[in-house]
Amino acid sequence: MGTGFVCRLVRWSAVIVNIAASGQSGALVSDPVQHWISLVESARQQRQAGAYQAAYQTLQQARMLSQRTPEAPQLKARTYEYLGSLALLLGRPIEAETNLKTAIRLWEGVGQRGFVGRLQTEADLINLYVETARPGPAARLAKGLTAECEGRLDETSPSAGRIYRALAASAYLNQDLRLAETLSRRGIRNQQSNPDTLPEEESQVHNELGLILWKQGRKDEARQEVRAAIGILEANGRIQIVEYAAALSTLALMTAGEKDPTGALDMLRRAIDVVRLTIGADHIFLAKLWSNYADLLKRARRGEESKAARREAQSIYESTLVQQPGRHSVDVADFTREARRR
């Protein structure tokens, strides 16, 4: 997992299933359905509090319940969709891909009522391909998703914002930075038109735009966007979640070229502590953070500390079979090259 297009937040609403809009009888709003809604809402709250593993376990309960509610098939599709996105966040890409593809098949089985759900899940699958460095599959799915959305998707809906961000991630991975910026800014406009936008979502899109601008060489604008991402989360008390760690680590590396690296080191260390607390000490994202921390320590001529941090990173890399992500984030090498150019 990288430090940028990394922490996809799925919008989970307590009003998950609108039986009337689905053409189902009101009599089907039974206790199992209400129980499912309650479980998903609990998982949403756990996820927002940074209790990701607990949220995943709660969603597993919702999945089992959905299988016993055949009269509302969209419950099952939605549960697999949520499980897929959360599995990716937890560093389980194979499990995530299985869940997302299952959700897509289930949404297809729902028919037209599952159209938007399928598009959202395809967007999540694009994110998975980005995080696991598969530009070809990401680009192909993005092309198909773009065609399907043409003239059929309300651009002011939360679903559109989620789709634009996934398309931006694919464009970024495939080095189409102009398109990535255009799509990212569409995502920002979409959020601005939706009063229910969550702080995590708002922070993510600014962090991602910052990475796009950085890759274009627009350093000051990039840092401004990432600082905005951090400020949004701090203002809302969201400092123990992965989105906060991602934004902190991005800004740390964007400021690592400054004369005094102390601030960058402090930010990276805080990011490490948040990730270790929320998603565990053996996550691939943590390994990347330790590796970048080691690089900065070495540049600060703190050799022994750098070696210790490198050992932490190597231990995680060796203990996990998770495919390492592609370079869809900033890393220390960017600043080393910049220093040489000076």
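Using the working numbering, read the sequence shown as starting at -12 and increasing by one per residue. Idealized CB from N, CA, C, for every residue including glycine.
Could you give the C-beta distance for residue i and residue j, rounded to a whole number, given that I count them as a contact under 8 Å?
i	j	result
residue 145	residue 114	Going by Cβ atoms, the distance from residue 145 to residue 114 rounds to 16 Å, so no, they are not a contact pair.
residue 68	residue 104	7 Å
residue 91	residue 108	5 Å
residue 284	residue 278	Actually they do not touch by this definition, with Cβ atoms about 11 Å apart.
residue 110	residue 116	11 Å between Cβ atoms; not a contact.
residue 132	residue 166	The Cβ separation is near 14 Å, so there is no contact.
residue 87	residue 112	5 Å
residue 243	residue 217	Actually they are not in contact, since the Cβ atoms of residue 243 and residue 217 sit about 16 Å apart, beyond 8 Å.
residue 296	residue 274	Between residue 274 and residue 296 the Cβ distance is about 11 Å, and since that is not below 8 Å, they are no contact.
residue 248	residue 209	With 8 Å as the limit, residue 248 and residue 209 do not qualify as a contact, their Cβ atoms being about 18 Å apart.
residue 97	residue 60	6 Å
residue 164	residue 199	6 Å
residue 77	residue 33	Contact doesn't hold; Cβ gap of about 13 Å is too wide.
residue 75	residue 83	4 Å
residue 196	residue 236	Contact doesn't hold; Cβ gap of about 16 Å is too wide.
residue 48	residue 26	5 Å
residue 70	residue 122	Contact flag wrong, Cβ pair sits at about 25 Å.
Helix, strand or coil: how does DSSP classify residue i here?
i	result
residue 181	coil
residue 96	helix
residue 128	helix
residue 166	helix
residue 292	helix
residue 30	helix
residue 79	coil
residue 140	coil
residue 38	coil
residue 204	coil
residue 194	helix
residue 307	coil
residue 57	coil
residue 340	This structure leaves residue 340 out entirely; the chain is present only between -12 and 329.
If I follow the unbroken alpha helix (DSSP H) through residue i, where does it start and stop?
i	result
residue 248	Premise fails: residue 248 is in no alpha helix (DSSP H) and is neither H nor E.
residue 66	60 to 76
residue 282	271 to 286
residue 114	102 to 118
residue 149	145 to 160
Counting only beta-carbon separations shorter than 9 Å, does residue i have a partner in chain C?
i	result
residue 130	Checking the listed chains, one finds no chain C in this structure; it contains a single protein chain.
Every unbroken alpha helix (DSSP H) inside the region 215 to 267 [4 residues or more]: 229 to 241 and 249 to 266
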